[in-house]
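A.B. asks: One line per chain: the protein sequences are A and B, in this order.
So in this note's numbering, the last spot in the first sequence is 1660, and the numbers never skip.
So in this note's numbering, the last spot in the second sequence is 1660, and the numbers never skip.
Every residue, glycine too, gets a C-beta built ideally from N, C-alpha and C.
Number of protein chains: 2
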Amino acid sequence: MPHIGTQDNPAVSTIRILLVDDHPLVLEGISARLESEPGIEVIGQANNGQQALEKAAELKPDVVLMDISMPVMNGLEAAEHFKNDQPEARVLILSMHENREYIVKMIQSGAAGYVLKDVSSDELIRAIQTVHQGGTYFSAGASEALFSEFSKSDQPEKPDTGLTKREEMVLKLIAEGKVNKEVARALDISVRTVETHRQNIKQKLNIQTAAGLTKYALEHNLISL
Amino acid sequence: MPHIGTQDNPAVSTIRILLVDDHPLVLEGISARLESEPGIEVIGQANNGQQALEKAAELKPDVVLMDISMPVMNGLEAAEHFKNDQPEARVLILSMHENREYIVKMIQSGAAGYVLKDVSSDELIRAIQTVHQGGTYFSAGASEALFSEFSKSDQPEKPDTGLTKREEMVLKLIAEGKVNKEVARALDISVRTVETHRQNIKQKLNIQTAAGLTKYALEHNLISL
DNA sequence: CAATCTCTACGTATTACTACCTAGAATAGA
DNA sequence: TCTATTCTAGGTAGTAATACGTAGAGATTG
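#1: Is ASP1553/A buried or exposed, if buried means 16 or more other CB atoms sit within 10 Å of its CB?
#2: In or out: PRO1496/B buried (at least 16 other Cβ within 10 Å) or exposed?
#3: Could you give the DSSP three-state label for LEU1653/B: helix, strand or coil?
#4: Entirely within the region 1600-1637 of chain B and at least 4 residues each: give me those alpha helix (DSSP H) ranges in chain order.
#5: Leaving out five residues on either side along the sequence, give the residues of the same chain with a beta carbon under 7 Å from the beta carbon of LEU1529/B.
#6: Mind checking VAL1566/A: buried by the 16 CB within 10 Å criterion, or exposed?
#7: Taking the straight line between their C-alpha atoms, what separation do you get for ALA1513/A and GLN1486/A?
#8: Below 7 Å on C-beta distance, what does PHE1573/B contact in chain A?
#9: Using a Cβ-Cβ distance under 9 Å, would ALA1646/B count as near chain A?
#10: Are ILE1560/B and LEU1598/B closer than 9 Å when you measure CB to CB?
#11: Is the beta carbon of ILE1475/A less than 9 Å from the beta carbon of LEU1453/A?
#12: Could you list the residues in the region 1605-1629 of chain B with a C-beta less than 8 Å from some C-beta on chain A, going in chain order?
#13: Which of the three DSSP states is assigned to THR1449/A in this structure?
#14: Near ALA1524/A, which residues of its chain fall below 8 Å by C-beta distance, leaving aside the five closest residues on each side in sequence?
#15: List, in chain order, every chain B residue whose beta-carbon is nearer than 9 Å to that of GLU1558/A.
#16: Kindly provide the ranges of any beta strand (DSSP E) runs that are 3 or more residues long and lie completely inside the region 1489-1561 of chain B, ordered along the chain.
#17: Between ALA1621/B, ALA1546/B, ALA1562/B, which has its C-alpha nearest PRO1522/B's C-alpha?
#18: Taking a cut of 8 Å between CB atoms, which residues from the region 1449-1466 of chain A lie near chain B?
#19: Determine, using beta carbons only, whether THR1649/B comes closer than 9 Å to chain A.
#20: Within 10 Å of its beta-carbon, does GLY1464/B have 16 or more other beta-carbons around it, so buried, or fewer, so exposed?
#21: For a contact defined as C-beta to C-beta under 8 Å, what are the partners of LEU1657/A on chain B?
#22: Would ARG1468/B count as contacting chain A if we go by Cβ distances under 9 Å?
#23: DSSP three-state label for ILE1475/A, please.
#24: Measuring CA to CA, which of THR1449/B, SER1556/B, VAL1618/B, ILE1542/B is closest to ALA1467/B?
#25: Please report the straight-line C-alpha distance between SER1625/A and ALA1619/A, rounded to a whole angstrom.
#26: Roughly how many angstroms lie between the CA atoms of ASP1589/A and SER1544/B, to the nearest whole one?
#27: When you compare only the Cα positions, how much space is there between LYS1616/B and MET1604/A?
#28: Could you have a look at THR1565/B and say whether DSSP puts it in helix, strand or coil?
#29: For chain B, find out if any of its Cβ atoms is closer than 9 Å to the Cβ of SER1588/A; answer yes or no.
#30: Please work out which residues of its chain come closer than 6 Å, Cβ to Cβ, to LYS1593/A, disregarding the five sequence neighbours upstream and downstream, and give them in chain order.
#31: Please list, in chain order, all residues of the same chain as GLN1568/B whose beta carbon is under 6 Å from its beta carbon, the five residues on each side excluded.
#32: Which whole-angstrom value is the C-beta distance of ALA1481/B and VAL1455/B, which I expect to be below 8 Å?
#33: Return the chain-ordered list of same chain residues with a C-beta closer than 8 Å to the C-beta of GLU1558/B, the five sequence neighbours on each side being excluded.
#34: In this structure, what does DSSP give as the bridge partners for GLN1485/B?
#35: Run through DSSP, which three-state label would LEU1454/B get?
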């Protein structure tokens, strides 16, 4: 327990942690490891979300290190409550679920980070420090799960559009909002040629309108917003 | 400067860093600070994205710490190239831009993290360690910018377009690829009215073409892909 | 080398969109 | 209540896009 009036860590204040997990063993293990770390102090433990909220209200932890799956009140609900009732507390999720949905939900519920249980204790400590400083932390597996779609969505599959290069080029320019005349100028070809391309494109893609073309181009990442 | 052949850090291999920034002063400062950190080694520097790619190909850094705004080839483009050409290198963006668009784009371009230039050197080092271990790091400001909408994203915010409800409706239908006649039928109004709406919309948004309208609608979440 | 594909370009007619107006009815706000 | 806004609708003209053709030059390929 913290004492007052004597010399504590001078410059860096200790990060006060509330540990929440329904497995006593996990609780103990992590607690022991964290306690051995200077600058980190485990000020309390809880077995479920309900308890966590109560203890947090009393202890005012800096960081709440919490599991997701728990009885009584799971990490998701608990995170919601933390966001509303005790926004000062930074919630760091410690989970074994690598599921994207989970992670996104946790973020939306206000969690500041998400580490998988397979991380090293060093990494866990780094995560704690990060969220304490206001940052966001995702461990490798989590960030992968979280951003895999995100990042792949850049140029995912270039699914064979059936369009020729030239047609794609024309489509791209049209989708960007250029009129035929401008496209023609840009590609240094006749307006009629552009029209021909345009027609062929629409025929190939079975699209009728200009707006449809733009939508198509966006869907297929020929252009970006 | 690094030496070879003598005792380096034994268990933990050194994190080899390539620093990229177009400001020599920044380069020097960060480099000096990082060099003082055990476990981190600045193996090279570059002034722009182009150089960064070349040097990286040669030096094979673990982490590329890179600015966004640079001449010749900016961080965004460079990150793209890294993703494609040297995916082993983890790209950590060091930027002063707190803009959400920037951050999202960087992630989509394959960056493993994004730290604002106002972070402490301790935090920067933590970020480096994080991305090196495969994690994702966002500093406080960045994660805030990144997830503020995300968290709210239950209803993906509708920024005031200045359009009336009816105009939005028309715009939506147009953006979906409907021609005026279809819009008119859908809303049970005259084609002329749709045309009027269309004109007003274009005037309000300062957009000239139909394709532009679609793009606008997509950008502003009036419709989704 | 003939067949195919791609890119280029034009003709003609029709339809759609655009620009720039006016204007009435309904509604919301000061 | 007066006013501004919104939604409705139209006139007139010009510009752009579409539909449906044809067709030559150049590259690719079986």
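C.D. replies: Short version:
#1: ASP1553/A comes out exposed.
#2: Classification for PRO1496/B: buried.
#3: DSSP places LEU1653/B in helix when its eight states are reduced to three.
#4: Here the runs fully enclosed are 1600-1610, 1615-1622.
#5: Residues of the same chain with a CB within less than 7 Å of the CB of LEU1529/B, apart from the 5 flanking positions on each side, are LEU1500, MET1501, ASP1502, VAL1550, LYS1552 in chain order.
#6: So VAL1566/A counts as buried.
#7: Taking the straight line from one Cα to the other gives about 10 Å.
#8: Ordered by position in chain A, the residues that pass the 7 Å Cβ test against PHE1573/B are GLY1570, THR1571.
#9: Yes, ALA1646/B lies at the interface with chain A (some Cβ there is under 9 Å from its Cβ).
#10: Cβ atoms of ILE1560/B and LEU1598/B: not closer than 9 Å.
#11: No.
#12: Per Cβ criterion, the list reads ILE1609, ALA1610, GLU1611, GLY1612, LYS1613, VAL1614.
#13: Residue state, collapsed to three classes: coil.
#14: When the five nearest sequence neighbours on each side are left out, the beta carbons in the same chain lying within less than 8 Å of the beta carbon of ALA1524/A are those of LEU1453, ALA1491, LYS1495, PRO1496, ASP1497, VAL1498, VAL1499, PHE1517, in order along the chain.
#15: Close partners of GLU1558/A in chain B (Cβ separation under 9 Å): GLN1564, THR1565, GLN1568, GLY1570.
#16: The region 1489-1561 of chain B contains, as complete beta strand (DSSP E) runs of 3+ residues, the segments 1498-1501, 1525-1530, 1548-1551 (chain order).
#17: The shortest C-alpha separation from PRO1522/B is found at ALA1546/B.
#18: Here the close residues number zero.
#19: Yes, because at least one Cβ of chain A sits closer than 9 Å to the Cβ of THR1649/B.
#20: It counts as exposed.
#21: Against chain B, the beta carbon of LEU1657/A has no neighbour under 8 Å; the closest one sits roughly 12 Å away.
#22: For ARG1468/B, the answer is no, since every Cβ of chain A falls outside 9 Å of its Cβ.
#23: DSSP, reduced to helix, strand and coil, places ILE1475/A within a strand of the structure shown.
#24: For ALA1467/B, the nearest C-alpha among the options comes from SER1556/B.
#25: Their Cα atoms are separated by approximately 5 Å.
#26: Note on ASP1589/A: pLDDT 39, under 50, position unreliable in the model; the coordinate value appears next. Cα to Cα, ASP1589/A sits roughly 7 Å from SER1544/B.
#27: Cα-Cα distance, rounded: 29 Å.
#28: If DSSP states are grouped into helix, strand and coil, THR1565/B belongs with the helices.
#29: With a pLDDT of only 38 at SER1588/A, under 50, the local geometry of the prediction cannot be trusted, and no value is derived from it.
#30: The pLDDT assigned to LYS1593/A is 47, lower than 50, so where the model puts this residue is not dependable; a value taken from the coordinates is nonetheless given after this. Within the same chain, LYS1593/A has no close Cβ partners at all.
#31: So no residue of the chain qualifies.
#32: Correct: roughly 5 Å between the Cβ atoms.
#33: If you ignore the 5 residues before and after GLU1558/B, its C-beta comes within less than 8 Å of the C-beta of VAL1550, SER1574, all in its own chain and listed in chain order.
#34: DSSP output for GLN1485/B lists no bridge partner at all.
#35: Looking at LEU1454/B - three-state DSSP - the assignment turns out to be strand.
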